[in-house]
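Student: Below you will find the structure I want to go over with you.
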Amino acid sequence: MKESNHYQVIIADDHAMFVDGLRSILTNEPDITIKLTASNGEEVLKYLQINKDEKIDLLITDLNMPKMDGMALNKAIKSQFYGVKTLVVSMMEKPNTIKTLTEDNVNGYLSKNSEKKELLKAIRTILEGENYFSPAIQQALIKGMTDAKKMQEIKLTKREKEVLSLIAKEYTTQEIADELFLSKHTIESYRKNLIAKLQVRNLAGLTRYAIENNLA
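Going by the UniProt record's numbering, the sequence shown opens with residue 1, and the numbers climb by one from there.
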């Protein structure tokens, strides 16, 4: 990194305490200036559209935000403002979320539980032209890829998916039977077969599987 480089950063997060904490960390970095703090993605896009001639090097964003969340913001940034790098800092570590963000060319991802040292390492790594994904995020991504491969091997029928979806929505056996116009005994059989087929132990396992695979 050349000493003459000076970087301009935008922070998007609707939690004031996190923004204040990040501001206090970056204040001690003489070559980094925070140009904007925003509580949602719409504010960021509006700023960039109005200030097109201003060079923004990095966006640090949360995922859960009102109006426009971090995933939508990252995708919009990558399609409209090619020079802006993006770093997601979030409590969410769902494999599907991480996979989608990597497909949308996010430059980094780490947990909000990360220490100051790792946060600065991520920021510096991305500003210097490389991507940064924390070890925990890399593990979650690998797990997601492994789970996706397993899911491809497991073929669920349309009816099994319907039963699984209703289980995840906390329907009782009788309610599922009424919803699908089947007998209670048939639904119990579906439930037992799904537990065996998906190699989970109980209803909680079925629910988790449904959520992780967007069936809930």
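Yeah, the Cβ is synthetic: ideal placement off N, Cα and C, and Gly gets one too. In this text the structure is predicted, and so the values were computed from the model without any measurement.
#1: Exposed or buried, T172, counting other C-beta atoms within 10 Å across all chains shown (16 or more means buried)?
#2: Between which two residues does the alpha helix (DSSP H) harbouring I98 extend?
#3: Determine, using beta-carbon pairs with one atom in the region 159 to 174 and one in the region 201 to 211, whether at least three such pairs fall under 8 Å.
#4: I'd like to confirm the pairing. Which residues does DSSP put opposite T37 in its beta bridges?
#5: Quick one, which of N131, P95, L73 has its alpha-carbon nearest K143's?
#6: With distance defined between alpha-carbon atoms, name the residue in K155, L156, L120, G205 nearest to S134.
#7: Rank R191, I187, L22, G108 by C-alpha distance to the C-alpha of I32 and give the top, closest one.
#8: In this structure, does DSSP put G108 in helix, strand or coil?
#9: Checking 8 Å against the spacing of the C-beta atoms, do A216 and A140 come in under that value?
#10: Count the C-beta pairs between the region 89 to 106 and the region 41 to 50 that are closer than 8 Å, then say yes if the count reaches three, no if not.
#11: Closer than 8 Å by C-beta to P66: which residues in its own chain qualify, once you throw out the five before and the five after it? Chain order, please.
#12: Please classify R201 as buried or exposed, where buried requires at least 16 other C-beta atoms within 10 Å of its C-beta.
#13: Could you tell me which residues DSSP pairs with S90 in its beta bridges?
#14: So is Y190 buried or exposed if we call it buried at 16+ other beta carbons inside 10 Å?
Tutor: Taking the coordinates as given:
#1: Locating residue 172 in the sequence shown gives position 172, where the first residue counts as 1. When all chains shown are included, T172 counts as exposed.
#2: Working through the sequence shown from its first residue, we reach residue 98 at position 98. That run of the alpha helix (DSSP H) goes 95 to 103.
#3: yes
#4: Start at 1 with the first residue of the sequence shown, and residue 37 comes out as number 37. Paired residues: I11.
#5: Looking up residue 143 in the sequence shown gives position 143. Residue P95 is the option with its Cα nearest to K143.
#6: If you number the sequence shown from 1, residue 134 lands on position 134. If we check each option's Cα against that of S134, L120 comes out closest.
#7: In the sequence shown, counting from the first residue as 1, residue 32 sits at position 32. Nearest of R191, I187, L22, G108 to I32, Cα basis: L22.
#8: As a position in the sequence shown, residue 108 is number 108, starting the count at 1. If DSSP states are grouped into helix, strand and coil, G108 belongs with the strands.
#9: Within the sequence shown, the letter at position 216 stands for residue 216. Within the sequence shown, the letter at position 140 stands for residue 140. No, Cβ-Cβ distance for A216 and A140 is not below 8 Å.
#10: no
#11: Position 66 of the sequence shown, counting from 1, holds the residue named residue 66. These residues qualify, in order along the chain: D14, S39, N40.
#12: For the purposes of this step, residue 201 is taken as residue 201 along the sequence shown, with counting starting at 1. Looking at its Cβ environment, which holds fewer than 16 other Cβ atoms inside 10 Å, R201 is exposed.
#13: Stepping through the sequence shown from its first residue, residue 90 is reached at position 90. Partner(s): S111.
#14: On the sequence shown, residue 190 is found 190 positions in, with the first residue counted as 1. Buried, by the Cβ-count rule.
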